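Shown next, in structure tokens, is the structure this report addresses.
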Amino acid sequence: MAGLADLGRFSEPALHILISLAAGPRHGYAMQDDIGELTGARPGPGTLYGAIRRLEEHAYIEALPEQDRRKPYRLTDAGRAALGAELQRMRSLAATGLRRLAVA
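First residue of the sequence shown: 1, per the UniProt record's numbering; consecutive thereafter.
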């Protein structure tokens, strides 16, 4: 598994989607609202659905059957593992940054 770094400049929207889906399946509009609450910035449809497509291509998420003309998505096991690895990487980076700030 290469992880979210494989997504290049698209890794931040993908990370937000994975975090949103970690709470359970959601459709696109619900993800936009959740991400907006988490980050203070609601992603536009182009950003959201572009990232969803890339995450599906990497098998990090999968679509579920439509419900009332809405298409929900959920994390796959690979997506859960990629999210966990990325959050651990970010935790380590943040800890290093905080230590360096304390020294300065």
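Heads up, the beta-carbon is just placed ideally off N, CA and C, and yes, glycines get one too. Please read these numbers as outputs of a predicted model, since none were measured by experiment.
The DSSP-derived three-state label of Arg69 is coil. DSSP, reduced to helix, strand and coil, places Leu64 outside both helices and strands of the structure shown, so it counts as coil.
Here the C-alpha atom of Leu75 lies approximately 27 Å from the C-alpha atom of Ala95. With respect to the C-alpha of Leu64, the residue from Leu15, Ile19 and Pro25 having the closest C-alpha is Pro25. Here Met31 is buried, its C-beta having at least 16 other C-beta atoms within 10 Å. Arg42 carries a coil assignment under DSSP once its states are collapsed to helix, strand and coil. When DSSP states are grouped into helix, strand and coil, His58 belongs to the coil group. Gly24: not part of any alpha helix (DSSP H); DSSP gives it neither H nor E. Ala82 counts as buried, since at least 16 other C-beta atoms from the protein chains shown sit within 10 angstroms of its C-beta.
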